[in-house]
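Protein chains: 2
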Amino acid sequence: MPDTHPRANGERVLADLNALRALGTYKSGVHKPTFSEPHRQSLDWLVQKLPEAGLAGAIDGIGNIVGTSSKPGPKLLVGSHLESQNYAGWLDGPLGVVYALEAARVLNADHSVKGAVEVAAWCDEEGHFGSFLGSRSYVGQVTEAEIDAARDRTNGRAMRDALSDMGLAGRPRITVEPGRHVGYVEAHIEQGDTLESGKLAIGVVTSIVGIWQYRITFIGEQNHAGTTRMAVRKDAGLALAKFCVAIDERFPAACGPRTVWTTGRITLDPGAPSIIPGGAEMLFQIRDDNPAVIARLEELLRTMAAEASAKGPCTANVEKIRTGAPAMMNADIQDAIEAASKELAGGRFIRMPSGAGHDAQMLATIMPAGMLFVPSIGGISHHWTENTADADIVTGAQIFVDACRRILNR
Amino acid sequence: MPDTHPRANGERVLADLNALRALGTYKSGVHKPTFSEPHRQSLDWLVQKLPEAGLAGAIDGIGNIVGTSSKPGPKLLVGSHLESQNYAGWLDGPLGVVYALEAARVLNADHSVKGAVEVAAWCDEEGHFGSFLGSRSYVGQVTEAEIDAARDRTNGRAMRDALSDMGLAGRPRITVEPGRHVGYVEAHIEQGDTLESGKLAIGVVTSIVGIWQYRITFIGEQNHAGTTRMAVRKDAGLALAKFCVAIDERFPAACGPRTVWTTGRITLDPGAPSIIPGGAEMLFQIRDDNPAVIARLEELLRTMAAEASAKGPCTANVEKIRTGAPAMMNADIQDAIEAASKELAGGRFIRMPSGAGHDAQMLATIMPAGMLFVPSIGGISHHWTENTADADIVTGAQIFVDACRRILNR
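If you read the sequences in order, they're chains Z and R. According to UniProt numbering, the first sequence is numbered sequentially starting from 1. According to UniProt numbering, the second sequence is numbered sequentially starting from 1.
Okay, structure coming up:
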């Protein structure tokens with residue numbers, strides 16, 4: 001039986017991805033932080049592409065784009081994000097947006113498909129200004145006060161100033177229209193090596209792990225690095241280093257099989273070569289899809305801080321700054337992705353949780369949501385060497401489009 | 001026998017110090033980094049004060065001031081620095097400059113004194129742009145290329161740009177006139193608690209410890225903090241923390257009785273909460289007045305780095321970025337300070353090494369040099385709470401002026 005279903009155009013997908021890579025190019029990746037010039041250009045690029053897919057849309061008051069269709073029938077929301085981590089890869093985000101655009105181009109014009117795909121680009125998934133600000137705004141969880149307080153983590157620029165520079169000050173924010181969508185689907189690179197090492201083409205995501213984030217601070221006594229004897233020092237930096245090593249020693253006995261934890265940033269105060277640091281701070285993160293494991297590890301963290309403070313000479317304090325509940329992916333959407341993978345990738349798929357956070361976890365709070373992964377070469381991401389083989393990108397696009405068709409035609 | 005010697009005016013010294021504190025005030029201290037607006041104002045203040053002491057001088061091409069006298073006879077160079085560490089104390093530097101100014105005002109006009117005191121303010125003793133750039137320039141150790149390459153350690157601003165903004169671009173740099181001076185004397189706060197805990201008024205400095213500085217870097221593999229399993233991570237930040245703890249464990253057995261070591265700054269690359277650091281760097285410093293001890297500790301440091309690299313998963317590298325030989329203070333100048341202390345402080349002095357680096361160690365490479373310390377309350381410095389009792393400031397000024405008189409009249 002000849003294949004009569006609408007299919008993705010692989011060359012067009014690769015061309016679009018390379019067009020986005022040309023905005024803010026850094027080595028073989030991109031440097032495209034939220035509200036940077038190349039990010040603005042990427043958003044404009046998408047707005048200009050929407051009519052090709054029968055969609056209309058503009059950038060809203062928080063930097064989101066949601067392209068809507070006037071075609072009757074069910075609507076499926078699809079998308080990802082366009083900004084990048086600093087000096088990072090070209091596919092983390094844009095892959096999902098371009099797949100979404102391709103699905104809309106292919107399916108919305110096809111009369112055998114019921115309804116339409118609507119394309120979203122969620123702003124600041126990478127957290128330059130906050131935590132999933134774009135998708136959280138769309139689902140109604142972001143207040144004006146949160147935007148007032150948000151600052152760029154890299155340079156301290158106020159989000160209000162950035163929005164104003166983007167010409168977005170005063171624009172309304174688009175929020176969900178309850179009942180409009182049958183679900184949300186997002187494609188993304190895996191950012192790990194499960195697919196590559198298993199020679200697989202597709203990951204059917206079952207859940208997205210929760211991310212709990214902590215600020216751990218150490219208070220000692222700032223003093224002169226030449227005149228203060230070792231015996232009387234209260235070196236907050238050394239206290240921090242000891243705490244990091246203690247985490248490394250004690251967490252393995254308390255964690256779950258898939259738990260990961262990371263100290264991503266360390267700051268000594270004042271951070272000068274000739275001054276004993278009087279303060280030190282680390283940003284610490286735990287990820288797991290089991291809240292009970294997180295609760296156990298957080299308790300351990302607080303116990304360790306209390307022990308360190310009691311022992312001295314510095315005090316340690318653990319502050320939770322972000323709680324992210326794990327999100328379960330919708331079973332019907334998983335089945336649609338699986339069926340498409342069986343047909344178009346010879347069954348080279350696996351069901352797997354996502355260790356990374358994604359906008360889909362925010363959408364999952366208000367509608368059925370699902371995700372598919374394509375392989376990452378060497379498992380590398382959040383780095384400019386991040387890449388996926390062209391053949392895998394094309395296969396992923398075909399499966400994504402077919403899964404969307406299956407969901408709409410159910 | 002009535003005291004007929006010229007004496008310092010304590011009230012004038014305190015008034016001058018408070019006038020300098022009013023430029024760049026931060027809490028009870030100052031924030032006066034090199035080439036900041038309050039630093040420029042402080043340099044202008046000194047230039048305007050020089051004529052009161054019969055001196056003429058201007059800011060030179062690196063931000064130094066050397067006020068010269070046309071009085072015949074021997075010349076004694078005295079001074080310190082006017083900029084501060086970031087958000088630090090009011091006396092670290094200005095005390096020595098104001099004492100120097102006071103000595104010139106009192107002694108240069110007095111016909112019982114042979115020759116004259118000449119006042120210097122050395123730029124950037126606190127190392128915002130380099131290492132003792134001002135005093136090293138004066139003794140002939142700073143090349144134009146070093147200035148070309150120098151950047152503000154806090155904000156990355158090029159030194160050339162800062163000099164240009166100060167109106168100093170193209171000005172010649174003053175360098176030593178060989179044979180002009182019989183010696184150099186500098187007063188400073190102790191920055192430790194030896195004098196306070198011994199209820200002493202004056203420290204007669206015998207030597208200035210050497211400072212050896214190292215950049216220790218760790219190379220791992222940058223990756224995603226959610227998708228990369230703990231077992232396969234190469235976390236450069238964790239490698240750094242382990243190294244800090246190992247230093248804390250192994251240095252005490254290899255150090256000397258007065259050795260101190262400090263990790264003043266830690267930087268993780270890229271330093272984002274959701275990225276496993278692929279690189280990490282620490283600025284590490286060792287101080288001692290015995291080069292053999294330093295050599296032993298540096299060897300240990302390199303051994304530890306080799307062990308860490310061999311063990312994996314990250315590599316460690318030790319790079320020496322600054323070598324500061326210890327400087328011995330001149331015996332005759334020590335005797336002059338001691339004699340003044342006996343006469344004016346009832347013998348409440350002690351001979352002691354300086355754990356901190358000072359411009360005097362640079363001047364000591366070309367002429368006899370000496371230093372005196374006054375007490376620091378609580379031993380605190382490099383912090384805005386740094387302070388010295390008014391009575392101790394006045395006593396110190398009197399002894400400094402008298403020591404200068406004794407040196408000139410030898």
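Here a beta-carbon is modelled for each residue, glycine too, at the ideal position from N, C-alpha and C.
Using 10 angstroms around the beta-carbon of residue i, count the other beta-carbons present and answer buried if the total reaches 16, otherwise exposed.
{"i": "Asn-387(R)", "result": "buried"}
{"i": "Ile-276(R)", "result": "buried"}
{"i": "Ala-104(R)", "result": "buried"}
{"i": "Asn-108(Z)", "result": "buried"}
{"i": "His-111(Z)", "result": "exposed"}
{"i": "Asp-148(R)", "result": "exposed"}
{"i": "Asp-165(R)", "result": "exposed"}
{"i": "Glu-52(R)", "result": "exposed"}
{"i": "Thr-303(Z)", "result": "exposed"}
{"i": "Asn-64(R)", "result": "buried"}
{"i": "Ser-70(R)", "result": "exposed"}
{"i": "Ile-247(Z)", "result": "buried"}
{"i": "Asp-161(R)", "result": "exposed"}
{"i": "Thr-259(Z)", "result": "buried"}
{"i": "Pro-375(R)", "result": "buried"}
{"i": "Lys-311(R)", "result": "exposed"}
{"i": "Lys-75(Z)", "result": "buried"}
{"i": "Ile-321(R)", "result": "exposed"}
Straight-line CA distance for residue i to residue j?
{"i": "Ile-219(Z)", "j": "Ala-158(R)", "result": "33 Å"}
{"i": "Cys-314(R)", "j": "Thr-262(Z)", "result": "16 Å"}
{"i": "Glu-299(Z)", "j": "Cys-255(Z)", "result": "12 Å"}
{"i": "Glu-307(Z)", "j": "Ala-253(Z)", "result": "18 Å"}
{"i": "Gly-198(Z)", "j": "Gln-85(Z)", "result": "27 Å"}
{"i": "Arg-348(R)", "j": "Ile-333(R)", "result": "18 Å"}
{"i": "Val-139(Z)", "j": "Asp-235(Z)", "result": "45 Å"}
{"i": "Gly-57(Z)", "j": "Ala-121(Z)", "result": "11 Å"}
{"i": "His-181(Z)", "j": "Ala-364(Z)", "result": "12 Å"}
{"i": "Thr-194(Z)", "j": "Met-329(Z)", "result": "19 Å"}
{"i": "Leu-14(Z)", "j": "Val-394(Z)", "result": "8 Å"}
{"i": "Ser-137(R)", "j": "Ile-377(Z)", "result": "53 Å"}
{"i": "Ser-42(R)", "j": "Arg-21(R)", "result": "9 Å"}
{"i": "Val-106(Z)", "j": "Arg-171(Z)", "result": "31 Å"}
Using 8 Å for Cβ pairs, my map puts residue i next to residue j. What's the rounded Cβ distance?
{"i": "Leu-408(R)", "j": "Gly-115(R)", "result": "5 Å"}
{"i": "His-358(Z)", "j": "Ile-202(Z)", "result": "Contact flag wrong, Cβ pair sits at about 16 Å."}
{"i": "Phe-129(Z)", "j": "Thr-267(Z)", "result": "Contact flag wrong, Cβ pair sits at about 19 Å."}
{"i": "Leu-133(Z)", "j": "Asp-16(Z)", "result": "Rounded, the Cβ-Cβ distance is 25 Å, inconsistent with contact."}
{"i": "Glu-125(Z)", "j": "Ser-135(Z)", "result": "7 Å"}
{"i": "Pro-6(Z)", "j": "Thr-206(Z)", "result": "That pair is no contact at about 28 Å."}
{"i": "Val-119(Z)", "j": "Leu-50(Z)", "result": "7 Å"}
{"i": "Pro-368(R)", "j": "Pro-326(R)", "result": "No, Pro-368(R) and Pro-326(R) are not in contact; Cβ-Cβ is about 16 Å, not under 8 Å."}
{"i": "His-383(R)", "j": "Asn-223(Z)", "result": "7 Å"}
{"i": "Gly-264(Z)", "j": "Ala-272(R)", "result": "5 Å"}
{"i": "Glu-186(R)", "j": "Ser-309(R)", "result": "With a Cβ gap of about 43 Å, Glu-186(R) and Ser-309(R) do not count as contacting."}
{"i": "Thr-228(R)", "j": "Gly-192(Z)", "result": "6 Å"}
According to DSSP, is residue i helix, strand or coil?
{"i": "Gly-10(Z)", "result": "helix"}
{"i": "Leu-133(Z)", "result": "helix"}
{"i": "Arg-410(Z)", "result": "coil"}
{"i": "Phe-400(Z)", "result": "helix"}
{"i": "Asn-18(R)", "result": "helix"}
{"i": "Gln-85(R)", "result": "coil"}
{"i": "Asp-110(Z)", "result": "coil"}
{"i": "Arg-348(R)", "result": "coil"}
{"i": "Gln-213(R)", "result": "strand"}
{"i": "Glu-221(R)", "result": "strand"}
{"i": "Leu-363(R)", "result": "helix"}
{"i": "Thr-29(Z)", "result": "In the sequence as displayed, the identity of residue 29(Z) is Gly instead of Thr. Of the three classes helix, strand and coil, the one that applies to Gly-29(Z) here is strand, per DSSP."}
{"i": "Thr-385(Z)", "result": "coil"}
{"i": "Ser-354(Z)", "result": "strand"}
{"i": "Met-1(R)", "result": "Because Met-1(R) sits at a pLDDT of 48, beneath the cut-off of 50, its placement in the model cannot be relied upon, and the point is left open."}
{"i": "Ser-207(R)", "result": "strand"}
{"i": "Lys-199(Z)", "result": "coil"}
Length at least 3, wholly inside the segment 227-281 of chain Z: the beta strand (DSSP E) runs in chain order: 260-269
Inside the segment 137-196 of chain R only - beta strand (DSSP E) runs reaching at least 3 residues: Taking 3 residues as the minimum length, the beta strand (DSSP E) runs contained wholly in the segment 137-196 of chain R are 181-189, in order along the chain.
Entirely enclosed beta strand (DSSP E) segments - the segment 31-110 of chain Z, minimum 3 residues: Runs of the beta strand (DSSP E) inside the segment 31-110 of chain Z: 65-67 and 75-80.
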